[in-house]
Amino acid sequence: MTNGAQPRIQWLGRWGFILAATGSAVGLGNIWKFPYITGEYGGGAFVLVYLLCIMAVGVPVMMTEIAFGRRGRGSPVDAIRRVVNESGGSRGWSLLGWMAMLCGFMVLSFYVVVAGWSFSYLWKTLVGGLSGSSVDDMAAIFAANNASPLNLGLWSTLVTVVTMLIVGKGVQAGIEKSVSWMMPGMVLMLAVLIVYGVFSGGFGDAMRFLFSFNVGSLSSEGMLAALGQAFFTLSLASGAILTYGSYLPQSASIGRTALSVALADTVVALMAGMAIFPVIFANGMNPSSGPGLIFMSLPLAFQAMPFGTLFGFLFFLMLSMAALTSSVSMIEATVSWLTDNKGMSRTKASWLAGSVLWLVSTLAMLSFNIGGDWTLAGKHFFDWLDYLTSRWMMPLGGLGMVLLAGFVLNEQSFRDELGLSRFWYMVWLFMVRYVSPLGIGLVFVDALGLVSLQIHSHWPWLLLGLIAITLLGEWVRPRLRLLP
157 MTNGAQPRIQ WLGRWGFILA ATGSAVGLGN IWKFPYITGE YGGGAFVLVY LLCIMAVGVP
217 VMMTEIAFGR RGRGSPVDAI RRVVNESGGS RGWSLLGWMA MLCGFMVLSF YVVVAGWSFS
277 YLWKTLVGGL SGSSVDDMAA IFAANNASPL NLGLWSTLVT VVTMLIVGKG VQAGIEKSVS
337 WMMPGMVLML AVLIVYGVFS GGFGDAMRFL FSFNVGSLSS EGMLAALGQA FFTLSLASGA
397 ILTYGSYLPQ SASIGRTALS VALADTVVAL MAGMAIFPVI FANGMNPSSG PGLIFMSLPL
457 AFQAMPFGTL FGFLFFLMLS MAALTSSVSM IEATVSWLTD NKGMSRTKAS WLAGSVLWLV
517 STLAMLSFNI GGDWTLAGKH FFDWLDYLTS RWMMPLGGLG MVLLAGFVLN EQSFRDELGL
577 SRFWYMVWLF MVRYVSPLGI GLVFVDALGL VSLQIHSHWP WLLLGLIAIT LLGEWVRPRL
637 RLLP
């Protein structure tokens, strides 16, 4: 523990962190986006590139965030400040902590609206509110669900309240206890849906869609999609993992823990594809429907299935659990900062953060109904929250984090925190200094649409560029310290 850090409550065990961090990573995006882009960008070839990106970018950055959290034992702001002070660096680096904490709060402000869709569809499944004979009928139901600010606001408010109830109970009694049954429950429901899919008549087509090794269909766009998914799926640069890492016991291995979370996140994402696509193929529907797959195509498919109401209920219950585990993680950084710096009880801090969250999320919710005409530069408030966080704050925060860890901090103290052998420490150091920044930079440039990247045709130049940057960095590093 660094100087200035106060004694801090910890997870009851390493698995508490793994379940909580996996719950943070496994959200609504994993349930539909990962299976969808896997099939679109080459199946098994995309999965292989995705796994390589997880190892080269996702895991090193996650290890870095966990190490910051555990070394600093505080919120993102406090943890980064303490670790930088220990190395004699500038307090200005604590801006990374502020950005991460704000990013997580902004993401949650529009995420609770999307999570509200899951809760509302869970209710509609129970009361028979998802009756329709075509995808157009389901699209009309979805539009009507969003058109009423009272209806949509009710469900997003429910998500906010349940999230605050869990967070308000504390790390062990609230977060750890809730994920200890929600995560296994979600995996169990996925397993039940997969077993049904095996006998649905569409399982073979679904497996070919997900895992056919078609290298020719993996374009530069697909490679960048794999890289972006690897970075964003692990809830990096949003304050969640760093804050969760501040509760990690000193005896737990950061490397093994990060690998376990990345593996669990990938397995759950693949299971989601194995559960969803057999139903879609068995009913002759389009598997490339994006968000409509969840809220339009699948409800229609459940109607045609034996015991469709039961399986629909299980699916949307699972989706709601995934939404809750993610929302809990994204507010924890703010609550942690309030309790550490403002002397608030956890309950008071949770409800204060929840009140502000409700106000901001209400503005995001109104983008779908009475605020539909409230735009700035062609974007609604909901769209601006998404754009600023995913296109700017997350990439810049992740980039700053690895550059800080790789070039500024005292190597010995960070190596002690990671607990790695010299060989594996050098591997991690090379990744965070050169490979991870290059990967994050590629995603950042591509997301902004500044240039058209053709990785599959220009990979030799990228490799030569990485080698040149590595040599230059190793020459400059002893002669120049960033922000001393």
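Those letters in the sequence shown? Residues 157 to 640, by the numbering used here. We treat Cβ as the ideally placed atom computed from N, Cα and C, and that holds for glycine. Since the structure is predicted, the reported quantities are computational estimates derived from the model, not experimental observations.
Contact between the segment 298-311 and the segment 486-506 is defined here as three or more beta-carbon pairs at a separation below 8 Å; is this criterion met? Touching, no, given that fewer than three Cβ pairs across the two stretches are closer than 8 Å.
When DSSP builds the beta bridges, which residues end up paired with residue 369? Its beta-bridge partners are 199.
Given a cut-off of 7 Å on the beta-carbon distance, is the pair residue 396 and residue 486 in contact? Taking 7 Å as the Cβ cut-off, residue 396 and residue 486 qualify as a contacting pair.
Can you tell me which of 572, 594, 554, 210 puts its alpha carbon nearest to the alpha carbon of residue 408? Minimum Cα distance to residue 408 is reached at 572.
Assuming residue 302 is part of the alpha helix (DSSP H), what are its boundary residues? For residue 302, the enclosing alpha helix (DSSP H) starts and ends at 291-303.
With DSSP as the reference, please indicate the residues paired to residue 278 in a beta bridge. In DSSP, residue 278 forms no bridge with anything.
Residue 405 burial status per 10 Å Cβ neighbour count (16 or more: buried): With fewer than 16 Cβ atoms within 10 Å of its Cβ, residue 405 is classed as exposed.
Three-state secondary structure assigned by DSSP to residue 168: Correct three-state label for residue 168: coil.
Taking the CB atoms as reference points, tell me whether residue 257 and residue 490 lie closer together than 7 Å. Yes, the pair counts as a contact, with Cβ atoms nearer than the cut-off.
Which two residues bound the contiguous alpha helix (DSSP H) that contains residue 349? DSSP places residue 349 inside the alpha helix (DSSP H), whose first and last residues are 333-354.
Minimum Cβ-Cβ distance from residue 550 to chain B less than 7 Å: The displayed structure is made up of one protein chain only, and chain B is not part of it.
Between which two residues does the alpha helix (DSSP H) holding residue 498 run? Premise fails: residue 498 is in no alpha helix (DSSP H) and is neither H nor E.
Starting from residue 532, trace the alpha helix (DSSP H) both ways and give me its first and last residue. Annotation: residue 532 is outside any alpha helix (DSSP H) and is labelled neither H nor E by DSSP.
Which residues bound the alpha helix (DSSP H) around residue 380? Residues 376-388.
So, for residue 494: in the same chain, excluding its five sequence neighbours on each side, which residues have a beta-carbon less than 6 Å away from its beta-carbon? In its chain, beyond the 5 residues on either side, 500, 505 have a beta carbon closer than 6 Å to the beta carbon of residue 494.
Got a sec, what are the start and stop residues for the alpha helix (DSSP H) residue 463 sits in? Note, residue 463: premise wrong, no alpha helix (DSSP H); not H, not E.
Quick check: the Cα distance between residue 498 and residue 488, rounded to an integer number of angstroms? For the pair residue 498 and residue 488, the Cα-to-Cα distance works out to about 15 Å.
For residue 478 versus residue 346, is the C-beta spacing smaller than 7 Å? For residue 478 and residue 346, no; Cβs fall outside 7 Å.
Whole angstroms are fine: how far does the CA of residue 563 sit from the CA of residue 585? Residue 585 and residue 563 have their C-alpha atoms some 9 Å from each other.
Among residues of its own chain, excluding the 5 on either side of residue 428, which ones have a beta-carbon nearer than 8 Å to its beta-carbon? Contacts found: 186, 187, 188, 190, 191, 346.
On the DSSP letters alone, give me the boundaries of the alpha helix (DSSP H) that residue 560 sits inside. Counting along the chain, residue 560 sits inside no alpha helix (DSSP H), nor does DSSP assign it H or E at all.
Just verifying my parser: in three-state terms, what is the DSSP assignment at residue 459? Three-state DSSP puts residue 459 in a helix.
Are residue 641 and residue 484 touching if we call contact CB-CB under 7 Å? Residue 641 is absent from the structure shown; the chain starts at 157 and stops at 640.
Taking the C-alpha atoms as reference points, what is the distance between residue 509 and residue 394? Roughly 16 Å separates the two Cα atoms.
Can you look up residue 576 in the DSSP assignment and give me helix, strand or coil? Residue state, collapsed to three classes: coil.
Residue 235, enclosing alpha helix (DSSP H) - first and last residue: From DSSP, the alpha helix (DSSP H) with residue 235 extends over 232-242.
By the 10 Å Cβ neighbour count, where 16 or more other Cβ atoms means buried, how is residue 248 classified, buried or exposed? It is exposed - the Cβ of residue 248 has fewer than 16 other Cβ atoms within 10 Å.
In terms of residue numbering, what span does the alpha helix (DSSP H) encompassing residue 216 cover? Unbroken alpha helix (DSSP H) run through residue 216: 215-228.
Identity of the residue in 412, 356, 388 nearest residue 182 by Cα: Residue 182 has its Cα closest to that of 388, out of 412, 356, 388.
Evaluate the contact criterion for the segment 232-252 versus the segment 407-422: three or more CB pairs, one atom per stretch, below 8 Å. Because the criterion of three Cβ pairs below 8 Å is not met, the segment 232-252 and the segment 407-422 do not touch.
When the Cα atoms are used, what is the spatial distance from residue 179 to residue 530? Take the alpha-carbon of residue 179 and the one of residue 530: they are about 34 Å apart.
Determine the contact status of residue 243 and residue 566, defining contact as a CB-CB distance below 7 Å. Going by C-beta atoms, residue 243 is nearer than 7 Å to residue 566.
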